Amino acid sequence: MDIFATFATDEVAESEGRWFPLSKKAKVLVARTGNPHYIKALRQRMKDNQIDPEDNSDENEKLVTSLVVETMAETILLGWKGLEYKGKALEYSKENAVTLLEVKDFRKRIGNIADSAESFRLKDEEEAGND
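Quick note on numbering: the sequence shown equals residues 1 to 131 in the working numbering.
Here it is as structure tokens:
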């Protein structure tokens, strides 16, 4: 087994993002969860908000979710083309990314892309000619 061929990922794409189709007309620019920007931003938000990892209260859970949404909007969902919200075309901005990521199943879809090592494999870039 060639470990490089099997496990190597594109570290630039992990931080700067890669385009993924959502439909024939829509695509998103997504960076990998755990990239250095994500880790730094999430840690800072957790520290600033004094998050207690042992606190399972509804209030704390809502706060953590909002911090994750903000961090994903800043460091994971980096752009899009062809997305609409409530029937209107939506241009990319961090604020608009927060709006979209507050929709839990969209957040889950973006999270699944961002969490997948396969999404950022070197061979995928070479074979697919991904833009």
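No residue lacks a Cβ here, since even glycine has one placed at the ideal position from N, Cα and C. Small disclaimer: the values here were computed from a predicted structure and weren't measured.
On the criterion of 16 or more Cβ atoms from any shown chain inside 10 Å, does Arg43 qualify as buried, or is it exposed? Walking along the sequence shown from the start, residue 43 turns up at place 43. It is exposed - the Cβ of Arg43 has fewer than 16 other Cβ atoms within 10 Å.
When DSSP labels each residue in this structure, what does Val68 get in the three-state scheme? Your numbering for residue 68 matches position 68 in the sequence shown. If DSSP states are grouped into helix, strand and coil, Val68 belongs with the helices.
Continuous beta strand (DSSP E) stretch holding Phe20: start and end: To locate residue 20, count along the sequence shown from 1; it is residue 20. That run of the beta strand (DSSP E) goes Arg18 to Pro21.
Measure the C-alpha to C-alpha separation of Leu83 and Glu91 and round it to an integer number of angstroms. Residue 83 sits at position 83 when you count from the first residue of the sequence shown. Residue 91 sits at position 91 when you count from the first residue of the sequence shown. Rounded to the nearest angstrom, the two C-alpha atoms are 8 Å apart.
Decide if Asp2 is buried, meaning its Cβ has at least 16 other Cβ atoms within 10 Å, or exposed. In the sequence shown, the residue the question calls residue 2 occupies position 2. Counting Cβ neighbours within 10 Å, Asp2 comes out exposed, since fewer than 16 surround it.
Three-state secondary structure (DSSP) of Lys108: Counting from one through the sequence shown, the residue named residue 108 turns up at place 108. In this structure, Lys108 counts as helix in the three-state DSSP scheme.
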